[in-house]
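Q: In terms of full-length UniProt numbering, the sequence shown has 301 at position 301, counting the first letter as 1, and numbering is strictly consecutive. For each residue, glycine too, the CB sits at the ideal point set by N, CA and C.
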Amino acid sequence: MTPQYNKIHNRFKFNGLHFSHEDLKEVAYSLIKEGETYEKTTGNFLIDWLNDDDYLVVNTSGSTGQPKAVRLKKQAMVNSAIATGDFFGLEPGNTAIDCLPSHYIAGKMMLVRAMILGLEIDCVEPSSHPIFDYEKEYDFCAMIPLQLSHTIKYTQNIKTIIVGGAKITEPLLDDIKLCNSKVFETYGMTETVTHVAVRQLQSKVSKGEPLFRALPNVTFSQDKRGCLIINASKLVDEELITNDVVDLKSKASFNLLGRYDNVINSGGVKLFPEQIEEKLHSVIDERFIVAGQPDDELGERLILIVENPRDSIESIHNRIKHLKGLTRFDVPKKVYAIDKFVETINGKIQRKKTISKALK
1 MTPQYNKIHN RFKFNGLHFS HEDLKEVAYS LIKEGETYEK TTGNFLIDWL NDDDYLVVNT
61 SGSTGQPKAV RLKKQAMVNS AIATGDFFGL EPGNTAIDCL PSHYIAGKMM LVRAMILGLE
121 IDCVEPSSHP IFDYEKEYDF CAMIPLQLSH TIKYTQNIKT IIVGGAKITE PLLDDIKLCN
181 SKVFETYGMT ETVTHVAVRQ LQSKVSKGEP LFRALPNVTF SQDKRGCLII NASKLVDEEL
241 ITNDVVDLKS KASFNLLGRY DNVINSGGVK LFPEQIEEKL HSVIDERFIV AGQPDDELGE
301 RLILIVENPR DSIESIHNRI KHLKGLTRFD VPKKVYAIDK FVETINGKIQ RKKTISKALK
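#1: Assuming contact is defined by CB atoms lying nearer than 7 Å, are Lys-279 and Leu-302 in contact in what I supplied?
#2: The alpha helix (DSSP H) spanning Arg-287 covers which residue range?
#3: Can you name, in chain order, every residue of its own chain whose Cβ lies under 8 Å from the Cβ of Ser-203, other than the five neighbours on each side?
#4: Are the beta-carbon atoms belonging to Ile-8 and Met-109 less than 7 Å from one another?
#5: Compare the C-alpha of Met-77 against each of Thr-192, Ile-168, Thr-151 and name the closest.
#6: DSSP has Thr-194 in a bridge; who is on the other side?
#7: For Asn-15, decide whether its Cβ has a neighbour in chain D, counting only Cβ atoms nearer than 7 Å.
#8: By the three-class DSSP mapping on this structure, what secondary structure does Val-58 have?
#9: Pairs of beta-carbons, one from the segment 88-95 and one from the segment 214-230, closer than 8 Å: are there three or more?
#10: Taking a contact to mean a Cβ-Cβ separation below 7 Å, would you say Pro-216 touches Ala-81 in this structure?
#11: In the DSSP assignment, what are the bridge partners of residue 361?
#12: Could you tell me the alpha carbon to alpha carbon distance between Tyr-29 and Ser-128, rounded to whole angstroms?
#13: Label Gln-156 either buried or exposed according to how many other C-beta atoms from any shown protein chain fall within 10 Å of its C-beta, with 16 as the threshold for buried.
#14: Drop a sphere of 10 angstroms on the beta-carbon of Ala-69, count the other beta-carbons inside from all chains shown, and report buried for 16 or more, exposed for fewer.
#15: Identify the continuous beta strand (DSSP E) that holds Leu-302 and give its terminal residues.
#16: Starting from Ala-69, follow its DSSP beta bridges and name the residues at the other end.
#17: Starting from the C-beta of Glu-120, find all residues in its chain whose C-beta is less than 8 Å away, skip the five residues before and the five after it, and write them out in chain order.
#18: Determine contact between the segment 291-300 and the segment 313-324, defined as no fewer than three beta-carbon pairs at a distance below 8 Å.
#19: Since I believe Lys-159 is in contact with Asp-174 (beta carbons under 8 Å), could you give me their beta-carbon distance rounded to a whole number of angstroms?
#20: Are the CB atoms of Leu-256 and Thr-242 within a distance shorter than 7 Å?
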């Protein structure tokens, strides 16, 4: 029998204490009245979750466009929590850390998973370097890449970590290889109530996987552009057409190539910035992106934009030209330096605005 959104699991614990549905309302009011800023946000979410409405209004991050408000059914959030629990084998009484802000869907869903699955969740301040009990054993945690990069040396007692919300850098992937946790990269968005697919990364306890795999009750297809179509009737009423170009391997697995709206057509050759950026990480220490710039001959030419580089543009260009594994199409025709990338409120790079800023 599927749990309903208005039920709280009897094994649920919030910061070490059991709470009923009514008790949790009192906790929420207390957090709003007396808590730190992040606790007030958590309290506001709990009030919204525990009211009589069957939906929530959740804001998207705005990383691929203007932030917008999305109306999500609470039962869809419950279904997402159950799918995550089934995929990762989470059981009542398992322990979890919530270090994500409750402003956005990822932080909200950590609390929903705990309430529905009966997890014992410890909530800590959602900073870029979250502080938690490094000696305590935890079964589950969700982080953004920046948080994991700052705390990976302290994650030896966390069994499973999911990481998403931004690109995972090559240096972080190298650190994960030395990690004792099972680490999964997630794929999803606010509209799909967080992740609908995950990819296990290489660590000391896993060889890693090349493909994203669907969560329970989710299947995939493609449109004429080669973009992913998500079919998840327990999460969204209709199929969801994305702008993510994929190499679809089956109805339940795919390789992510890049964003359709980021694709560069240079002299008839389609270039995916995300794939080129992966190749360039080994020779550029700072944050960077590659993009297309209008060109009379090629249509678009490939350019590189680096945030506050320590080396000269000439030095960066020389390192790229001598990098093995690059095709001639992968070499940027010009390198730009800017002092600061344009970001969303939660630190994601806004590519279009950053490109516009660099080319002014």
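A: In brief:
#1: no
#2: Segment: none, Arg-287 is in no alpha helix (DSSP H) and carries neither H nor E.
#3: Ile-176, Lys-177, Leu-178, Cys-179, Asn-180, Ser-181, Lys-182, Val-183
#4: no
#5: Thr-192
#6: Met-189
#7: No chain D is present in this structure, which holds just one protein chain.
#8: When secondary structure is reduced to three states using DSSP, Val-58 falls in the strand class.
#9: Touching, no.
#10: no
#11: Not covered by the structure: residue 361. The range shown for the chain is 1 to 360.
#12: 27 Å
#13: exposed
#14: exposed
#15: Residue range 299-307 is occupied by the beta strand (DSSP E) that includes Leu-302.
#16: For Ala-69, the pairing in a beta bridge is given by DSSP as Asn-59.
#17: Arg-11, Phe-12, Lys-13, Gly-16, Gly-93, Asn-94, Thr-95, Ala-96, Ala-114
#18: no
#19: 21 Å between Cβ atoms; not a contact.
#20: no
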